[in-house]
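J.: The structure under discussion is supplied below as structure tokens; questions concerning it will follow.
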Amino acid sequence: MRLPLALLALVLVTGCSVDTSAPARTVERFHSALAAQQDEAACALLAPRTAEKLPDPGQTCAEALRALRLGAGGPVTGVQVWGDEAQVRLAGDTVFLHRFSDGWRVKAAGCEPRAGLPYDCEVED
Amino acid sequence: MRRIKDNALSLTFLVLFVLALGGQAVAGTFQFNDEQLVSGGEPVSVLEYVTSSNFAVDVAENWQSEYLQFLLFIVLTVWLVQRGSPESKEPGEEGAESDRRQLIGPYAQADSPAWAKVKGVRLWLYSNSLGLVMGAVFLGSWLAQSVAGLAQFNADRLADLQDPVSWGGYLGSPEFWNRSLQNWQSELLAVLSMVVLSIYLRQRGSPESKPVGSPHSATGVEG
Chain A
1 MRLPLALLAL
11 VLVTGCSVDT
21 SAPARTVERF
31 HSALAAQQDE
41 AACALLAPRT
51 AEKLPDPGQT
61 CAEALRALRL
71 GAGGPVTGVQ
81 VWGDEAQVRL
91 AGDTVFLHRF
101 SDGWRVKAAG
111 CEPRAGLPYD
121 CEVED
Chain B
126 MRRIKDNALS
136 LTFLVLFVLA
146 LGGQAVAGTF
156 QFNDEQLVSG
166 GEPVSVLEYV
176 TSSNFAVDVA
186 ENWQSEYLQF
196 LLFIVLTVWL
206 VQRGSPESKE
216 PGEEGAESDR
226 RQLIGPYAQA
236 DSPAWAKVKG
246 VRLWLYSNSL
256 GLVMGAVFLG
266 SWLAQSVAGL
276 AQFNADRLAD
286 LQDPVSWGGY
296 LGSPEFWNRS
306 LQNWQSELLA
316 VLSMVVLSIY
326 LRQRGSPESK
336 PVGSPHSATG
346 VEG
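Chains A and B supply the protein sequences, listed in that same order.
Residue 109 in my numbering sits at position 109 of the first sequence; the count goes up by one each step and never skips.
If you want my numbering, it's the 1-based position in the second sequence plus 125.
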């Protein structure tokens, strides 16, 4: 069992088995949908709990997302994937994602860093 | 049947180890899936769980501490004694001992291991092979703990909307040292208890104990 653990260690240190393109693509689709005012398409890319918590009573997810007026994301500048969690940095946004059985979904978007604290996000679960 | 009886101690521990590891995998999967439901994630299979960093770090952190315990016990008992303990040599016998007593080189016997009969690097390696292997497994497990722990720690940080940290950053984190030290303290207490309690207490028939009638002052006597 030590060998598999050592191999796991090597794989994780080198990061050679981590696919960073899939969460980046999801974020690009999310921000493209927002830019094209296809808010329902953007909502479909949110994690279920995030989509559920986003609207106020009597509001749809798409209406809530539109009202937030998230800024343009811009090009991807960095991706980190650890387990089923990912962070995609864009020129104008930082987005957190979770991997579900049918793919990556946005957990939080419109995030601003806060020193020593979790990011402050416009959209989060 | 004779072969099983001759190896009953090893086989029993092997079976108990496999059962305990299997039980840990199943119980860990249930716990992980409970946490997944709370955080809005999806449940995983036992196979997915045992290949996750969560399982790896939990296994590795316990392995490293166990092998560290035996490494320290093996090496420190060369140089340090405890009067009255069956786990210790007699006071005055501290050190690596003579070639004659260790049955090496010219004092090796016909059935001594081959590397006990030679000189140089091979003799040194074989003379320290138990400690070296225990030390290698300890370091390998501790490295695995650090890497698997980093993966789990960073997944937790991302889930909490925080930036991930580097491997170096994780090695300096309270999380890494809390995991390591909480295991080390219990292993060190267990060895201390074994060394000291075996001075005064007995387990009839066990080679880990002195004979029941052996005086408390008798050192290095195993029943």
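Beta carbons: idealized from backbone N, C-alpha and C, even for Gly.
Under 8 Å Cβ to Cβ from A/R66, same chain only, skipping five residues before and after it: list those, please.
T.: Here the question's residue 66 of chain A lines up with position 66 in the first sequence. The residues are Q37, D39.
J.: Keeping to the same chain, check which residues put their C-beta closer than 6 Å to that of B/P332; ignore five residues upstream and five downstream.
T.: Position 207 of the second sequence holds residue 332 of chain B. Same-chain partners within the cutoff: E347.
J.: Nearest by alpha-carbon distance to B/V262: which of B/A221, B/V203, B/W188, B/V169 is it?
T.: The residue given as residue 262 of chain B occupies position 137 in the second sequence. Answer by Cα proximity: B/W188.
J.: With respect to the alpha helix (DSSP H) encompassing A/T50, which residues constitute its N-terminal and C-terminal limits?
T.: Within the first sequence, numbered from 1, the residue matching residue 50 of chain A stands at position 50. 48-53 is the extent of the alpha helix (DSSP H) around A/T50.
J.: Note the first and the last residue of the continuous alpha helix (DSSP H) segment covering B/T154.
T.: For this step, residue 154 of chain B is matched to residue 29 along the second sequence. That run of the alpha helix (DSSP H) goes 133-163.
J.: Pick out whichever of B/T202, B/L250, B/Q270, B/L283 has its Cα sitting closest to the Cα of B/L306.
T.: For the purposes of this step, residue 306 of chain B is identified with residue 181 of the second sequence, where counting begins at 1. Residue B/Q270 is the option with its Cα nearest to B/L306.
J.: Roughly how many whole angstroms lie between the Cα atoms of B/S342 and B/Q227?
T.: Looking up residue 342 of chain B in the second sequence gives position 217. Looking up residue 227 of chain B in the second sequence gives position 102. For B/S342 and B/Q227, the distance between alpha carbons rounds to 25 Å.
J.: Is it true that the region 174-192 of chain B meets the region 273-283 of chain B, where meeting means three or more beta-carbon pairs spaced less than 8 Å apart?
T.: Contact between the region 174-192 of chain B and the region 273-283 of chain B is present, because at least three Cβ pairs lie under 8 Å.
J.: Roughly how many angstroms lie between the CA atoms of B/S319 and A/T77, to the nearest whole one?
T.: Within the second sequence, numbered from 1, the residue matching residue 319 of chain B stands at position 194. Within the first sequence, numbered from 1, the residue matching residue 77 of chain A stands at position 77. One detail in the question is off: residue 319 of chain B reads as Met in this sequence, not Ser. Straight-line Cα distance between these residues: approximately 57 Å.
J.: At a Cβ cut of 8 Å, what residues of the region 18-48 of chain A count as close to chain B, listed as they run along the chain?
T.: Here the close residues are A47, P48.
J.: Which partner residues of A/A86 appear in the DSSP bridge assignment?
T.: For the purposes of this step, residue 86 of chain A is taken as residue 86 along the first sequence, with counting starting at 1. According to DSSP, A/A86 bridges with A/V81, A/L97.
J.: Any idea what DSSP makes of B/V206, helix, strand or coil?
T.: Locating residue 206 of chain B in the second sequence gives position 81, where the first residue counts as 1. DSSP places B/V206 in coil when its eight states are reduced to three.
J.: Any beta carbon from chain B within less than 8 Å of A/G83's own beta carbon?
T.: Locating residue 83 of chain A in the first sequence gives position 83, where the first residue counts as 1. Answer yes: the Cβ-Cβ gap between A/G83 and chain B drops below 8 Å somewhere.
J.: At 8 Å on the CB atoms, spell out the chain B contacts of A/P118, in chain order.
T.: The residue given as residue 118 of chain A occupies position 118 in the first sequence. Chain B residues near A/P118: D285, L286, Q287.
J.: Give the straight-line distance between the Cα atoms of A/G71 and A/V123, rounded to the nearest whole angstrom.
T.: By one-based count along the first sequence, residue 71 of chain A stands at place 71. By one-based count along the first sequence, residue 123 of chain A stands at place 123. Those two C-alpha atoms are separated by around 12 Å.
J.: Does the region 140-156 of chain B come close enough to the region 22-29 of chain A to have 3 or more Cβ pairs within less than 8 Å?
T.: Cβ pair count under 8 Å is below three, so no.
J.: Which residues in the same chain have their Cβ closer than 6 Å to the Cβ of B/L197, if we skip the five residues on either side of it in sequence?
T.: For the purposes of this step, residue 197 of chain B is identified with residue 72 of the second sequence, where counting begins at 1. No residues qualify anywhere along the chain.
J.: Measure from the alpha carbon of B/E212 to the alpha carbon of each residue in B/L317, B/Y232, B/S254, B/V337, then state which is nearest.
T.: Within the second sequence, residue 212 of chain B is the residue found at index 87, counting from 1. Ranking the options by Cα distance to B/E212, first place goes to B/L317.
J.: So, helix, strand or coil for B/G256, using DSSP?
T.: Numbered from 1 along the second sequence, position 131 holds the residue referred to as residue 256 of chain B. In this structure, B/G256 counts as helix in the three-state DSSP scheme.
J.: From the DSSP output, in three-state form, read off B/A273 for me.
T.: Along the second sequence, one-based indexing puts residue 273 of chain B at 148. It is helical.
J.: Please name the residue, chosen from B/N303, B/E173, B/Q194, that lies closest to B/L150 on a Cα-to-Cα basis.
T.: Translated into positions along the second sequence, residue 150 of chain B becomes position 25. Looking at the sequence provided, one finds Ala at residue 150 of chain B rather than Leu. Residue B/E173 is the option with its Cα nearest to B/A150.
J.: Return the chain-ordered list of same chain residues with a C-beta closer than 7 Å to the C-beta of B/G345, the five sequence neighbours on each side being excluded.
T.: What you label residue 345 of chain B is simply residue 220 of the second sequence in a count that begins at 1. If we look at B/G345 and ignore the five residues flanking it on each side, its Cβ neighbours are P211, S213, K214, E215.
J.: Does the Cβ of B/F353 have 16 or more other Cβ atoms within 10 Å, making it buried, or fewer, making it exposed?
T.: The requested residue 353 of chain B does not occur in the structure, where chain B is confined to residues 126 to 348.
J.: Cβ of A/A109 less than 8 Å from any chain B Cβ?
T.: Taking the first sequence and counting its residues from 1, one reaches residue 109 of chain A at position 109. A/A109 does not count as touching chain B.
J.: So if I threshold CB-CB distances at 8 Å, which residues from the region 154-169 of chain B count as touching chain A?
T.: Residues G165, G166, E167.
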